[in-house]
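Numbering (the working numbering), first residue to last: 212 to 364. By construction, the Cβ of each residue, glycine as well, lies at the ideal position given by its N, Cα and C atoms.
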């Protein structure tokens, strides 16, 4: 198993698509999933591969000169709880530390869906803190929680 920095847009799309299609509990809206697949071509992206299978990925976007955002991240269900997500995060974090002061991530607010509560626990375990909830940024059944982390300089 290895983490690779992917440069080729077509490979970025293949990786993101393969992983997200395995995660309908998190990425079940076809239009949104397709947007993640397409937009991920534009951003720095790392994939975990085991032989020829993609197991997970993380991509970063820039939201300001001081802040990067985890644009999208996913790990196939079969590979959950094996440290892959943490390895991907730490790889992207090291990259972000070279040019940003903060990392942020958006997810669905707590208490609505068990899978997103699991996501929030994961990000908190990495040192993220709640910043704010935007009740209608996405839609009223998916209030957006913004989590932030200060990057060590």
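Using a Cβ-Cβ distance cut-off of 8 Å, the segment 257-267 and the segment 217-229 are in contact, since at least three pairs of beta carbons, one from each stretch, lie closer than that value. A contact is defined here as three or more CB-CB pairs under 8 Å, and the segment 242-254 fails this definition with respect to the segment 286-293. Residue 214 and residue 222 have their C-alpha atoms roughly 14 Å apart.
Sequence-distant partners of residue 258 (beyond 5 residues in either direction) whose C-beta falls short of 6 Å from its own C-beta, in its chain, are 215, 217, 226, 265 and 268.
Look at the segment 261-299 and you find these whole runs of beta strand (DSSP E), each 3 residues long or longer: 264-273 and 278-286. Here residue 316 is not near residue 327, since their CB atoms are 9 Å or more apart. Residue environment: residue 277 is assigned as exposed (fewer than 16 neighbouring CB atoms within 10 Å of its CB, all protein chains considered). By DSSP's assignment, residue 226 forms no beta bridge with any residue. A distance below 6 Å between beta-carbons, with the five flanking residues on each side excluded, links residue 350 to no residue of its chain. Counting of Cβ neighbours within 10 angstroms places residue 345 among the exposed residues, the total staying below 16.
Distance check between residue 255 and each of 333, 303, 263 and 309 places 303 closest, using alpha-carbon atoms only.
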